[in-house]
Every structure is written in structure tokens, then in C-alpha cells.
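Residue numbers (mature numbering (1 follows the signal peptide of the UniProt record, and there is no 0)): -24 to -1, 1 to 203.
Below is one structure, written out as C-alpha cells; comments come after it.
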């Protein structure tokens, strides 16, 4: 049976879309450890209503399908409005879509382009075993030293250290918000002062002054012409 080129294109696109949907994995706390174990991950944290998320979805679905059979890499979704919300909160997701990658226990922000070619190249180049607690042999001397140091620490001491470091981040974020709010208030006040000054100047007769200046200048010019 022969198909017109347009029909083939439609069927191919539909088939690719079906494969991508079937291959999609959506992570939540319930399956996170099992699905990510032993893998380097590339995750899209999203909200279904987000316009940018909808735009990215077709290419991301293709990428998930391409890596579906990998034993060392995982490309997956995390719905921040559903079962995946705790993962979004845990990883400090504040905007959608947010892309993160790396060791499942130490995700890093993805800063690259978001076309399918750019995402595919990044995934191909980077979704491979990397330095981690489970892959300490892949770490440089600095990272290896840090891991070994933390491994020798008492659990309560280590948890206290984690809390202290996380507090530094939250304090920095709160400080940033406070400073931005202060700057916003200052901007609003300066803008109001500017508008008030402009209104007072204009209300004080600036327009009339300028009109008189023009009138006098034109009168003087006319008088000179008569001479």
C-alpha cells in the first residue's frame, strides 16, 4: 500500500509522538530512588498550565524516548503541581520549566539552550557516570577529599552541617528579597517625587513662560525686520 508523502509524514509524526509518550517517566518521591538508581539524570520540573512548558514538551518527549533504554542515563519529567511537588520543593524549583541534571542526589542547574538539538547534544555529552558518593573513583582529588571527610562525620553532625549550609542559602534568598523590596519602595518614592516636581513646575506656569518667550522672540524679530 502506498501513501502520499503528506500521509507518511503525518503517520511518522504520530508514531514518534506515541513512542515518546509511552517512554515518558514522571518522577515522584514514590519512584525517584528506584528510577534514578545508578543513573545520571536530566529532569524537567514543570507545571501543566505553563506556556513555556507546553512549548518544550514535544522536544522533551522525543529526548525521553531516545534515552528510554539507557542503563546509565535517565531523562524524565517532574510535575510540580502533582505527586512530584515534594521533589520540586526539595530542589528549590521556583519557575517553570526548570531543567536540572547530574547525580540524582546532587542536581545541578542546566543553563544551555532548549532546542531539541541542543538538549540532545548536552544529554549525549553529559549523561554518563559522574563523580558521586557511589562513583568516588570518578572524582578529582578535591571532591574525593570532601566525600571522604563527610563519610567520617557523625550522622547528627553531618545533618547539622547540611541544615547550616541550607540556612545560608535561605538567608541569602531572604536578604535578596528584602533588598529588592526596599529598592522597589525607593523606586516608587523617587518616581512619585519626580512626578510631583514635574506637576508643580508645569502648574507653576512653565508652559506660559515658554509661550511668552516665543512671543517676545517673534515680536523682536518682527521689529528688526521693520527696521
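Using N, Cα and C, we set each Cβ at its ideal position, and we do this for glycine too.
Being a predicted model, the structure only gives us computed values, none of them experimental.
In the three-state DSSP reduction, residue 38 falls in the helix class (H, G or I). In this model, residue 100 and residue 155 are separated by some 41 Å (Cα to Cα). With distances taken between CA atoms, residue 28 lies nearest to 74 out of 74, 37, 84, 81.
For residue 14, the closest of 64, 112, 2, 89 by C-alpha to C-alpha distance is 112. Look at the beta carbons and you see the stretch 32 to 39 not touching the stretch 76 to 88: under three pairs across the two are nearer than 8 Å. Residue 16 is classed as buried because its beta carbon has at least 16 other beta carbons within 10 Å across all chains shown. In the three-state scheme derived from DSSP, where H, G and I count as helix and E and B as strand, residue 87 is classed as coil. For residue 191, the uninterrupted alpha helix (DSSP H) segment begins and ends at 182 to 202. Here the C-alpha atom of residue 196 lies approximately 27 Å from the C-alpha atom of residue 179. Take residue 62, set aside five residues on each side of it, and the residues of its chain with a beta-carbon closer than 7 Å to its own are 5, in chain order. Of the candidates 132, 175, 54, 54 places its Cα closest to the Cα of residue 8. Contact check for residue 52 and residue 19: beta-carbon distance about 6 Å, within the 8 Å limit, so the pair qualifies.
If the five residues before and after residue 104 are omitted, its C-beta is found closer than 8 Å to the C-beta atoms of 16, 48, 49, all from its own chain and listed in chain order.
One thing to note: residue 107 has its Cβ no nearer than 8 Å to the Cβ of residue 125.
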